[in-house]
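Here's the structure, in C-alpha coordinates; my notes come after.
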Amino acid sequence: MHASAATEDVSPSTAPSLRRSRSYWVWLVSDTGQALGSSLQFFLVPLLVVIVSGSAAAAGTVAAVGLTGRIATTLLGGVLADRHDLRRLMVLSGLTAALVVGAMTAVLGLDLGLVALGALNLLAGVRAGLLGGASNTALKQVVRPDLLPTASAANQARDAAVSMGGPPLGGLLLGLGALPALAATAAAYLLSAAAALVLRGDFRPVRAAEPASVRVEILAGLRWLWARPELRRVMAVALLLNLGLNAAISTLLYHLATTGEAPARIGLVSTALGLGMLLGAVAAGPVVQRFASGWVATVGLSLAGLSMLVLPFVPGFWPILAVLTVGILGAPAANAAVLSYLMHQTPRSVVGRVMGAVELVGAGATPLAPVLAGFGLALLGLRPTLLVCAAVCLLAVGAVVSSRALRTLPRPDAWGPAAQ
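Here it is, written out as C-alpha coordinates:
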(Lines of atoms letter the chains of each structure in order from A; the text may use other names.)
(Lines give C-alpha, C1' and ligand atoms only; values in the text may rest on other atoms or scores of the structure.)
Protein backbone atom coordinates (compact mmCIF):
# COMPACT_ATOMS: atom_id res chain seq x y z
CA MET A 98 0.00 0.00 0.00
CA HIS A 99 1.41 3.36 -0.98
CA ALA A 100 0.61 7.04 -0.59
CA SER A 101 -0.83 6.69 2.89
CA ALA A 102 1.12 9.54 4.41
CA ALA A 103 1.12 13.20 3.57
CA THR A 104 4.38 14.87 2.66
CA GLU A 105 4.70 16.59 6.04
CA ASP A 106 4.04 13.36 8.01
CA VAL A 107 4.67 14.41 11.60
CA SER A 108 2.44 14.93 14.57
CA PRO A 109 0.27 18.05 14.56
CA SER A 110 2.02 19.43 17.62
CA THR A 111 5.41 19.47 15.96
CA ALA A 112 4.55 19.73 12.26
CA PRO A 113 5.16 23.02 10.46
CA SER A 114 2.23 25.25 9.61
CA LEU A 115 0.98 25.58 6.08
CA ARG A 116 2.99 28.76 5.66
CA ARG A 117 6.21 26.88 6.44
CA SER A 118 5.47 23.83 4.34
CA ARG A 119 7.88 23.76 1.40
CA SER A 120 5.90 21.03 -0.32
CA TYR A 121 2.72 23.09 -0.21
CA TRP A 122 4.40 26.13 -1.74
CA VAL A 123 5.93 24.05 -4.51
CA TRP A 124 2.54 22.47 -5.16
CA LEU A 125 0.91 25.92 -5.14
CA VAL A 126 3.36 27.21 -7.76
CA SER A 127 2.58 24.22 -9.96
CA ASP A 128 -1.18 24.51 -9.49
CA THR A 129 -1.11 28.28 -10.05
CA GLY A 130 0.85 27.83 -13.28
CA GLN A 131 -1.84 25.46 -14.52
CA ALA A 132 -4.65 27.77 -13.38
CA LEU A 133 -3.09 30.80 -15.06
CA GLY A 134 -2.40 28.88 -18.26
CA SER A 135 -6.01 27.66 -18.35
CA SER A 136 -7.37 31.17 -17.70
CA LEU A 137 -5.27 32.68 -20.48
CA GLN A 138 -6.14 29.88 -22.89
CA PHE A 139 -9.88 30.13 -22.15
CA PHE A 140 -9.72 33.87 -22.82
CA LEU A 141 -7.49 33.78 -25.89
CA VAL A 142 -8.81 30.90 -27.98
CA PRO A 143 -12.25 32.39 -28.82
CA LEU A 144 -10.63 35.71 -29.71
CA LEU A 145 -8.09 33.99 -31.92
CA VAL A 146 -10.93 32.16 -33.68
CA VAL A 147 -12.60 35.51 -34.35
CA ILE A 148 -9.32 36.82 -35.78
CA VAL A 149 -9.02 33.79 -38.06
CA SER A 150 -12.68 33.51 -39.14
CA GLY A 151 -14.34 36.79 -38.28
CA SER A 152 -17.26 34.83 -36.81
CA ALA A 153 -18.50 35.03 -33.23
CA ALA A 154 -20.56 31.88 -33.81
CA ALA A 155 -17.42 30.00 -34.81
CA ALA A 156 -15.70 31.22 -31.64
CA GLY A 157 -18.54 29.89 -29.50
CA THR A 158 -18.50 26.56 -31.34
CA VAL A 159 -14.76 26.06 -30.87
CA ALA A 160 -15.03 26.95 -27.17
CA ALA A 161 -17.93 24.51 -26.74
CA VAL A 162 -15.94 21.74 -28.46
CA GLY A 163 -13.11 22.18 -25.98
CA LEU A 164 -15.48 22.17 -23.01
CA THR A 165 -17.18 19.04 -24.33
CA GLY A 166 -13.84 17.26 -24.58
CA ARG A 167 -13.08 18.12 -20.97
CA ILE A 168 -16.47 17.02 -19.63
CA ALA A 169 -16.39 13.77 -21.59
CA THR A 170 -13.02 12.69 -20.15
CA THR A 171 -13.22 13.95 -16.55
CA LEU A 172 -14.30 10.62 -15.00
CA LEU A 173 -11.61 8.76 -16.94
CA GLY A 174 -9.13 11.32 -15.61
CA GLY A 175 -10.20 10.36 -12.09
CA VAL A 176 -9.36 6.72 -12.85
CA LEU A 177 -5.92 7.77 -14.10
CA ALA A 178 -5.34 9.77 -10.92
CA ASP A 179 -6.17 6.73 -8.78
CA ARG A 180 -4.04 4.36 -10.87
CA HIS A 181 -0.87 6.39 -11.40
CA ASP A 182 1.67 8.55 -9.63
CA LEU A 183 0.09 11.99 -9.25
CA ARG A 184 3.35 13.91 -9.54
CA ARG A 185 4.08 12.30 -12.91
CA LEU A 186 0.57 13.14 -14.08
CA MET A 187 1.09 16.78 -13.03
CA VAL A 188 4.34 16.97 -14.99
CA LEU A 189 2.71 15.33 -18.01
CA SER A 190 -0.25 17.71 -17.76
CA GLY A 191 1.94 20.80 -17.89
CA LEU A 192 4.10 19.51 -20.72
CA THR A 193 1.23 18.36 -22.94
CA ALA A 194 -0.69 21.62 -22.33
CA ALA A 195 2.37 23.63 -23.40
CA LEU A 196 2.75 21.39 -26.45
CA VAL A 197 -0.88 21.97 -27.51
CA VAL A 198 -0.48 25.74 -27.10
CA GLY A 199 2.70 25.57 -29.16
CA ALA A 200 0.79 23.74 -31.88
CA MET A 201 -1.84 26.50 -31.83
CA THR A 202 0.94 28.99 -32.44
CA ALA A 203 2.08 26.96 -35.46
CA VAL A 204 -1.49 26.77 -36.80
CA LEU A 205 -1.81 30.54 -36.66
CA GLY A 206 1.65 31.13 -38.13
CA LEU A 207 1.08 28.74 -41.02
CA ASP A 208 -2.51 29.92 -41.54
CA LEU A 209 -3.89 26.36 -41.37
CA GLY A 210 -7.41 27.56 -40.66
CA LEU A 211 -10.28 27.18 -38.26
CA VAL A 212 -10.67 23.40 -38.35
CA ALA A 213 -7.10 22.83 -37.18
CA LEU A 214 -7.52 25.35 -34.37
CA GLY A 215 -10.80 23.72 -33.30
CA ALA A 216 -9.18 20.27 -33.31
CA LEU A 217 -6.39 21.53 -31.08
CA ASN A 218 -8.89 23.10 -28.69
CA LEU A 219 -10.67 19.75 -28.50
CA LEU A 220 -7.32 18.14 -27.70
CA ALA A 221 -6.74 20.80 -25.03
CA GLY A 222 -10.10 19.95 -23.47
CA VAL A 223 -9.33 16.23 -23.47
CA ARG A 224 -5.95 16.96 -21.85
CA ALA A 225 -7.67 18.98 -19.13
CA GLY A 226 -10.19 16.22 -18.49
CA LEU A 227 -7.62 13.43 -18.33
CA LEU A 228 -4.79 15.18 -16.50
CA GLY A 229 -6.01 18.50 -15.10
CA GLY A 230 -7.50 16.99 -11.94
CA ALA A 231 -4.26 15.36 -10.77
CA SER A 232 -3.06 18.56 -9.11
CA ASN A 233 -6.15 18.98 -6.90
CA THR A 234 -6.09 15.28 -6.04
CA ALA A 235 -2.43 15.56 -4.96
CA LEU A 236 -3.25 18.18 -2.34
CA LYS A 237 -4.38 15.40 0.02
CA GLN A 238 -0.83 14.04 -0.07
CA VAL A 239 0.88 17.45 0.19
CA VAL A 240 -0.57 18.80 3.45
CA ARG A 241 -1.63 17.28 6.76
CA PRO A 242 -5.34 16.54 7.19
CA ASP A 243 -5.81 19.34 9.74
CA LEU A 244 -4.41 21.87 7.23
CA LEU A 245 -6.70 20.88 4.34
CA PRO A 246 -9.35 23.55 5.15
CA THR A 247 -6.72 26.31 5.33
CA ALA A 248 -5.11 25.11 2.10
CA SER A 249 -8.49 24.98 0.36
CA ALA A 250 -9.28 28.53 1.53
CA ALA A 251 -5.91 29.75 0.23
CA ASN A 252 -6.65 28.10 -3.11
CA GLN A 253 -9.98 29.93 -3.26
CA ALA A 254 -8.12 33.24 -2.88
CA ARG A 255 -5.66 32.22 -5.57
CA ASP A 256 -8.46 31.22 -7.93
CA ALA A 257 -10.21 34.55 -7.39
CA ALA A 258 -7.01 36.45 -8.13
CA VAL A 259 -6.42 34.44 -11.31
CA SER A 260 -10.01 34.90 -12.47
CA MET A 261 -9.68 38.65 -12.00
CA GLY A 262 -6.19 39.02 -13.44
CA GLY A 263 -6.19 36.41 -16.22
CA PRO A 264 -8.48 38.14 -18.75
CA PRO A 265 -6.87 41.61 -18.44
CA LEU A 266 -3.43 40.00 -18.75
CA GLY A 267 -4.62 38.03 -21.79
CA GLY A 268 -5.97 41.22 -23.37
CA LEU A 269 -2.69 43.02 -22.74
CA LEU A 270 -0.66 40.17 -24.24
CA LEU A 271 -2.98 39.86 -27.22
CA GLY A 272 -2.43 43.56 -27.85
CA LEU A 273 1.22 42.69 -28.39
CA GLY A 274 0.26 39.90 -30.79
CA ALA A 275 -0.99 36.32 -30.86
CA LEU A 276 2.53 34.89 -30.58
CA PRO A 277 3.47 36.66 -27.30
CA ALA A 278 0.06 35.79 -25.82
CA LEU A 279 0.35 32.09 -26.63
CA ALA A 280 4.02 32.04 -25.59
CA ALA A 281 3.07 33.37 -22.14
CA THR A 282 0.36 30.73 -21.86
CA ALA A 283 2.80 27.96 -22.72
CA ALA A 284 5.31 29.40 -20.22
CA ALA A 285 2.70 29.19 -17.44
CA TYR A 286 2.11 25.52 -18.24
CA LEU A 287 5.85 24.81 -18.35
CA LEU A 288 6.23 26.46 -14.93
CA SER A 289 3.54 24.12 -13.65
CA ALA A 290 5.42 21.08 -14.98
CA ALA A 291 8.78 22.28 -13.61
CA ALA A 292 7.40 22.86 -10.11
CA ALA A 293 5.69 19.45 -10.10
CA LEU A 294 8.98 17.87 -11.11
CA VAL A 295 10.68 19.02 -7.88
CA LEU A 296 7.71 18.27 -5.61
CA ARG A 297 8.66 15.97 -2.75
CA GLY A 298 6.57 13.23 -1.24
CA ASP A 299 4.96 9.90 -2.02
CA PHE A 300 2.29 10.31 -4.71
CA ARG A 301 2.06 6.68 -5.79
CA PRO A 302 -1.36 5.01 -5.95
CA VAL A 303 -2.80 2.44 -3.61
CA ARG A 304 -2.24 -0.92 -5.30
CA ALA A 305 -5.42 -2.86 -5.96
CA ALA A 306 -5.36 -6.62 -5.41
CA GLU A 307 -6.65 -7.23 -8.93
CA PRO A 308 -6.75 -4.59 -11.66
CA ALA A 309 -10.33 -3.78 -12.72
CA SER A 310 -11.71 -2.34 -15.92
CA VAL A 311 -12.13 1.42 -16.30
CA ARG A 312 -15.93 1.09 -16.17
CA VAL A 313 -15.79 -0.97 -12.97
CA GLU A 314 -13.43 1.52 -11.32
CA ILE A 315 -15.58 4.51 -12.27
CA LEU A 316 -18.69 2.79 -10.89
CA ALA A 317 -16.83 1.87 -7.69
CA GLY A 318 -15.90 5.50 -7.11
CA LEU A 319 -19.44 6.68 -7.79
CA ARG A 320 -20.86 4.03 -5.46
CA TRP A 321 -18.54 5.18 -2.68
CA LEU A 322 -19.68 8.77 -3.19
CA TRP A 323 -23.36 7.82 -3.38
CA ALA A 324 -23.13 5.94 -0.07
CA ARG A 325 -22.44 9.23 1.79
CA PRO A 326 -25.71 11.18 2.22
CA GLU A 327 -24.02 14.51 2.93
CA LEU A 328 -21.84 14.18 -0.17
CA ARG A 329 -24.80 13.20 -2.34
CA ARG A 330 -26.50 16.40 -1.25
CA VAL A 331 -23.35 18.43 -1.98
CA MET A 332 -23.42 17.15 -5.56
CA ALA A 333 -27.07 18.16 -6.01
CA VAL A 334 -26.42 21.60 -4.55
CA ALA A 335 -23.38 22.13 -6.79
CA LEU A 336 -25.34 21.21 -9.91
CA LEU A 337 -28.30 23.49 -9.14
CA LEU A 338 -26.34 26.45 -7.80
CA ASN A 339 -23.80 26.43 -10.65
CA LEU A 340 -26.63 26.33 -13.17
CA GLY A 341 -28.62 29.11 -11.50
CA LEU A 342 -25.68 31.44 -10.85
CA ASN A 343 -24.05 30.99 -14.27
CA ALA A 344 -27.38 31.42 -16.06
CA ALA A 345 -28.15 34.61 -14.11
CA ILE A 346 -24.73 36.07 -14.87
CA SER A 347 -24.99 35.09 -18.54
CA THR A 348 -28.44 36.72 -18.67
CA LEU A 349 -27.03 39.98 -17.31
CA LEU A 350 -24.10 39.92 -19.73
CA TYR A 351 -26.29 39.18 -22.75
CA HIS A 352 -28.78 41.87 -21.73
CA LEU A 353 -26.06 44.49 -21.33
CA ALA A 354 -24.51 43.53 -24.67
CA THR A 355 -27.82 43.70 -26.56
CA THR A 356 -28.80 47.07 -25.06
CA GLY A 357 -25.63 48.80 -26.27
CA GLU A 358 -23.74 48.91 -22.97
CA ALA A 359 -20.05 49.77 -23.28
CA PRO A 360 -17.74 46.71 -23.21
CA ALA A 361 -15.78 48.20 -20.31
CA ARG A 362 -18.93 48.36 -18.18
CA ILE A 363 -19.92 44.84 -19.18
CA GLY A 364 -16.53 43.65 -17.97
CA LEU A 365 -17.28 45.12 -14.55
CA VAL A 366 -19.77 42.30 -13.94
CA SER A 367 -16.93 39.78 -13.87
CA THR A 368 -14.83 42.21 -11.84
CA ALA A 369 -17.59 42.50 -9.20
CA LEU A 370 -17.80 38.72 -8.91
CA GLY A 371 -14.02 38.37 -8.73
CA LEU A 372 -13.83 41.08 -6.05
CA GLY A 373 -16.47 39.33 -3.96
CA MET A 374 -14.65 36.01 -4.31
CA LEU A 375 -11.33 37.59 -3.37
CA LEU A 376 -12.72 39.38 -0.30
CA GLY A 377 -14.54 36.25 0.80
CA ALA A 378 -11.46 34.10 0.26
CA VAL A 379 -9.33 36.36 2.49
CA ALA A 380 -11.68 35.64 5.40
CA ALA A 381 -12.28 32.00 4.48
CA GLY A 382 -9.21 30.57 6.26
CA PRO A 383 -10.14 31.63 9.81
CA VAL A 384 -13.86 31.00 9.17
CA VAL A 385 -13.48 27.36 8.11
CA GLN A 386 -11.27 26.59 11.12
CA ARG A 387 -13.39 28.32 13.79
CA PHE A 388 -16.95 27.45 12.76
CA ALA A 389 -18.81 24.23 12.05
CA SER A 390 -18.39 23.23 8.42
CA GLY A 391 -22.13 22.59 7.99
CA TRP A 392 -22.94 26.09 9.21
CA VAL A 393 -20.31 27.65 6.93
CA ALA A 394 -21.65 25.74 3.91
CA THR A 395 -25.29 26.53 4.71
CA VAL A 396 -24.75 30.27 5.20
CA GLY A 397 -22.38 30.71 2.26
CA LEU A 398 -24.44 28.77 -0.27
CA SER A 399 -27.72 30.28 0.95
CA LEU A 400 -26.32 33.82 0.63
CA ALA A 401 -25.33 33.14 -2.98
CA GLY A 402 -28.70 31.59 -3.81
CA LEU A 403 -30.85 34.23 -2.10
CA SER A 404 -28.92 37.08 -3.71
CA MET A 405 -30.20 35.84 -7.07
CA LEU A 406 -33.76 36.28 -5.78
CA VAL A 407 -33.00 39.94 -5.03
CA LEU A 408 -31.26 40.58 -8.35
CA PRO A 409 -34.35 40.88 -10.61
CA PHE A 410 -35.71 43.73 -8.47
CA VAL A 411 -32.50 45.79 -8.11
CA PRO A 412 -32.67 49.10 -10.02
CA GLY A 413 -29.60 50.33 -11.85
CA PHE A 414 -26.22 49.04 -12.95
CA TRP A 415 -24.15 49.79 -9.86
CA PRO A 416 -26.63 48.31 -7.35
CA ILE A 417 -26.61 45.12 -9.45
CA LEU A 418 -22.81 44.97 -9.12
CA ALA A 419 -23.13 45.48 -5.36
CA VAL A 420 -25.59 42.58 -5.05
CA LEU A 421 -23.28 40.31 -7.05
CA THR A 422 -20.28 41.23 -4.90
CA VAL A 423 -22.11 40.71 -1.57
CA GLY A 424 -23.89 37.57 -2.75
CA ILE A 425 -20.69 35.76 -3.60
CA LEU A 426 -18.81 36.68 -0.38
CA GLY A 427 -19.66 33.43 1.40
CA ALA A 428 -18.90 31.13 -1.52
CA PRO A 429 -15.12 30.77 -0.93
CA ALA A 430 -15.57 29.66 2.70
CA ALA A 431 -18.41 27.31 1.73
CA ASN A 432 -16.32 25.81 -1.07
CA ALA A 433 -13.28 25.44 1.19
CA ALA A 434 -15.30 23.77 3.96
CA VAL A 435 -17.09 21.32 1.69
CA LEU A 436 -14.18 20.43 -0.61
CA SER A 437 -11.70 19.96 2.23
CA TYR A 438 -14.21 17.76 4.10
CA LEU A 439 -14.74 15.75 0.93
CA MET A 440 -11.00 15.28 0.41
CA HIS A 441 -10.46 14.48 4.11
CA GLN A 442 -13.12 11.76 4.06
CA THR A 443 -12.15 10.20 0.72
CA PRO A 444 -9.52 7.42 0.71
CA ARG A 445 -6.54 7.78 -1.62
CA SER A 446 -7.73 4.73 -3.54
CA VAL A 447 -10.82 6.58 -4.88
CA VAL A 448 -10.05 10.28 -4.37
CA GLY A 449 -9.31 10.90 -8.06
CA ARG A 450 -12.62 9.42 -9.19
CA VAL A 451 -14.58 11.24 -6.48
CA MET A 452 -13.01 14.61 -7.27
CA GLY A 453 -13.58 13.92 -10.97
CA ALA A 454 -17.27 13.27 -10.30
CA VAL A 455 -17.54 16.54 -8.35
CA GLU A 456 -15.87 18.45 -11.18
CA LEU A 457 -18.12 16.77 -13.74
CA VAL A 458 -21.27 17.77 -11.87
CA GLY A 459 -20.02 21.35 -11.46
CA ALA A 460 -18.96 21.68 -15.10
CA GLY A 461 -21.89 19.70 -16.47
CA ALA A 462 -24.33 22.51 -15.76
CA THR A 463 -22.14 25.15 -17.39
CA PRO A 464 -23.17 24.51 -21.03
CA LEU A 465 -26.85 24.82 -20.06
CA ALA A 466 -26.42 28.29 -18.53
CA PRO A 467 -26.00 30.31 -21.77
CA VAL A 468 -28.82 28.31 -23.36
CA LEU A 469 -31.17 29.20 -20.50
CA ALA A 470 -30.02 32.83 -20.62
CA GLY A 471 -30.31 33.20 -24.40
CA PHE A 472 -33.72 31.56 -24.83
CA GLY A 473 -35.02 33.17 -21.66
CA LEU A 474 -34.17 36.68 -22.83
CA ALA A 475 -35.63 36.00 -26.27
CA LEU A 476 -38.89 34.47 -25.03
CA LEU A 477 -39.47 36.00 -21.59
CA GLY A 478 -37.33 39.11 -21.14
CA LEU A 479 -34.83 40.14 -18.49
CA ARG A 480 -36.76 40.01 -15.20
CA PRO A 481 -38.65 36.73 -15.84
CA THR A 482 -35.43 35.03 -16.92
CA LEU A 483 -33.64 36.21 -13.79
CA LEU A 484 -36.57 34.91 -11.73
CA VAL A 485 -36.24 31.50 -13.38
CA CYS A 486 -32.52 31.53 -12.49
CA ALA A 487 -33.43 32.55 -8.94
CA ALA A 488 -35.88 29.64 -8.70
CA VAL A 489 -33.09 27.21 -9.63
CA CYS A 490 -30.87 28.78 -6.96
CA LEU A 491 -33.66 28.49 -4.39
CA LEU A 492 -33.89 24.77 -5.11
CA ALA A 493 -30.19 24.59 -4.21
CA VAL A 494 -30.80 26.55 -0.98
CA GLY A 495 -33.64 24.17 -0.12
CA ALA A 496 -31.36 21.20 -0.72
CA VAL A 497 -28.83 22.66 1.74
CA VAL A 498 -31.27 23.62 4.47
CA SER A 499 -33.21 20.35 4.33
CA SER A 500 -30.13 18.12 4.67
CA ARG A 501 -29.39 17.38 8.31
CA ALA A 502 -26.27 15.43 7.31
CA LEU A 503 -24.88 18.51 5.56
CA ARG A 504 -26.08 21.11 8.10
CA THR A 505 -24.52 19.30 11.06
CA LEU A 506 -21.00 18.80 9.72
CA PRO A 507 -18.65 19.69 12.62
CA ARG A 508 -15.56 21.88 12.70
CA PRO A 509 -12.45 20.45 11.00
CA ASP A 510 -10.88 19.49 14.34
CA ALA A 511 -13.83 17.13 14.94
CA TRP A 512 -13.78 15.41 11.54
CA GLY A 513 -11.86 12.45 12.93
CA PRO A 514 -8.95 10.56 11.33
CA ALA A 515 -8.38 11.16 7.64
CA ALA A 516 -9.33 8.37 5.25
CA GLN A 517 -6.26 6.72 3.77
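Heads up, the sequence shown is in our numbering, so the first residue is 98 and it goes up one at a time.
Idealized CB from N, CA, C, for every residue including glycine.
Task: the region 113-129 in contact with the region 286-293 per 3-pair CB rule at 8 Å - done: Judged by Cβ distances under 8 Å, the region 113-129 makes contact with the region 286-293, as three or more pairs qualify.
- [ ] Ignoring anything shorter than 4 residues or poking outside the region 295-351, list the alpha helix (DSSP H) runs there in chain order.
- [x] 311-323
- [ ] Give a yes or no on whether the C-beta atoms belonging to Ala466 and Ala344 are separated by under 8 Å.
- [x] In the sequence shown, the residue the question calls residue 466 occupies position 369. In the sequence shown, the residue the question calls residue 344 occupies position 247. Contact flag set, yes.
TODO: Provide the residue span of the alpha helix (DSSP H) that contains Leu244, from first to last.
DONE: Start at 1 with the first residue of the sequence shown, and residue 244 comes out as number 147. That residue, Leu244, is in no alpha helix (DSSP H); it is neither H nor E in DSSP.
Task: Host alpha helix (DSSP H) of Thr356 (start-end) - done: On the sequence shown, position 259 is the one that residue 356 refers to. No alpha helix (DSSP H) holds Thr356; DSSP gives it neither H nor E.
TODO: Identify, in the order they occur along the chain, each residue of the same chain with its Cβ nearer than 8 Å to the Cβ of Thr227, setting aside the five sequence neighbours on each side.
DONE: Taking the sequence shown and counting its residues from 1, the one referred to as residue 227 is at position 130. Sequence check: residue 227 is Leu here, not Thr. Excluding residues up to 5 positions away in sequence, Thr170, Leu173, Gly174 and Leu177 lie with their Cβ nearer than 8 Å to the Cβ of Leu227 in the same chain.
Open item on the list: Whole angstroms are fine: how far does the CA of Ala258 sit from the CA of Leu236?
Closed with: Position 139 of the sequence shown, counting from 1, holds the residue named residue 236. Position 161 of the sequence shown, counting from 1, holds the residue named residue 258. Each residue's Cα considered, the two are about 20 Å apart.
Open item on the list: Considering Cα atoms alone, identify which of Gly157, Ala231 and Val197 is closest to Val447.
Closed with: As a working mapping, residue 447 is identified with position 350 in the sequence shown. If we check each option's Cα against that of Val447, Ala231 comes out closest.
Task: Straight-line gap, Tyr351 to Gly364 (C-alpha atoms, nearest Å) - done: Here residue 351 is taken as the residue at index 254 of the sequence shown, counted from 1. Here residue 364 is taken as the residue at index 267 of the sequence shown, counted from 1. If I take the Cα positions, the gap works out to 12 Å.
Task: Three-state secondary structure assigned by DSSP to Asp182 - done: As a first step, residue 182 must be located in the sequence shown, where it is residue number 85. In the structure shown, Asp182 sits in coil (DSSP, three-state: anything other than H, G, I, E or B).
TODO: Determine, using beta carbons only, whether Leu322 and Val458 come nearer to each other than 8 Å.
DONE: For this step, residue 322 is matched to residue 225 along the sequence shown. For this step, residue 458 is matched to residue 361 along the sequence shown. Not closer than 8 Å, so no.
Open item on the list: Could you compute how far the alpha carbon of Gly434 sits from the alpha carbon of Val393?
Closed with: Residue mapping note: residue 434 aligns to position 337 of the sequence shown, counting from 1. Residue mapping note: residue 393 aligns to position 296 of the sequence shown, counting from 1. It is Ala, not Gly, that sits at residue 434 in the sequence shown. Cα to Cα, the separation comes out at about 7 Å.
- [ ] Please confirm if the region 366-383 is in contact with the region 409-429, defined as three or more CB-CB distances below 8 Å between the two stretches.
- [x] Yes, the region 366-383 is in contact with the region 409-429.
- [ ] Could you tell me the boundaries of the alpha helix (DSSP H) in which Trp122 lies?
- [x] Working through the sequence shown from its first residue, we reach residue 122 at position 25. That run of the alpha helix (DSSP H) goes Arg119 to Ser150.
Task: Contacting residues, own chain, Cβ-Cβ under 7 Å from Gly199 (five flanking each side not counted) - done: Residue numbering aside, residue 199 sits at position 102 when the sequence shown is read from its first letter. Closer than 7 Å at Cβ, skipping near neighbours: Ala283.
Open item on the list: Using C-beta distances below 6 Å, list every residue in its chain close to Met261, excluding the 5 sequence neighbours before and after it, in chain order.
Closed with: Here residue 261 refers to the residue found at position 164 of the sequence shown. Excluding sequence neighbours, Met261 sits near Gly371.
Task: Run of the alpha helix (DSSP H) containing Val411, from where it starts to where it stops - done: The residue labelled residue 411 in the question sits at position 314 within the sequence shown. No alpha helix (DSSP H) contains Val411, which DSSP labels as neither H nor E.
Open item on the list: Within a Cβ cutoff of 6 Å, which residues of the same chain sit near Leu270, ignoring the five residues on either side of it in sequence?
Closed with: On the sequence shown, residue 270 is found 173 positions in, with the first residue counted as 1. These residues qualify, in order along the chain: Pro277, Ala278 and Ala281.
Open item on the list: One question on the structure: do Leu287 and Ala195 come within less than 8 Å of each other, judged by their Cβ atoms?
Closed with: Numbered from its first residue, the sequence shown carries residue 287 at position 190. Numbered from its first residue, the sequence shown carries residue 195 at position 98. Less than 8 Å separates the beta-carbon of Leu287 from that of Ala195.
Task: DSSP state of Arg224 mapped onto helix, strand, coil - done: If you number the sequence shown from 1, residue 224 lands on position 127. Helix at Arg224.
- [ ] Would you mind working out which of Ile346, Met187, Trp122 and Ser310 sits nearest Val240, comparing C-alpha positions?
- [x] The sequence position of residue 240 within the sequence shown is 143, counting from 1. Considering only alpha carbons, the answer is Trp122.
Task: For Arg425, three-class secondary structure by DSSP - done: Locating residue 425 in the sequence shown gives position 328, where the first residue counts as 1. According to the sequence provided, residue 425 is Ile. The question's Arg does not apply to it. In this structure, Ile425 counts as coil in the three-state DSSP scheme.
- [ ] Enumerate in chain order the residues of its own chain whose CB-to-CB distance from Arg504 is below 6 Å, with the five nearest sequence positions on each side excluded.
- [x] Position 407 of the sequence shown, counted from the first residue, corresponds to residue 504. Same-chain partners within the cutoff: Gly391 and Thr395.
Open item on the list: Residues in the same chain with beta-carbon distance under 7 Å from Pro134, minus the five sequence neighbours each way, listed in chain order, please.
Closed with: Working through the sequence shown from its first residue, we reach residue 134 at position 37. In the sequence under discussion, the amino acid at residue 134 is Gly, which differs from the Pro named in the question. Once the five neighbours on either side are set aside, the close Cβ partners of Gly134 are Ala194, Thr282, Ala285, Tyr286 and Ser289.
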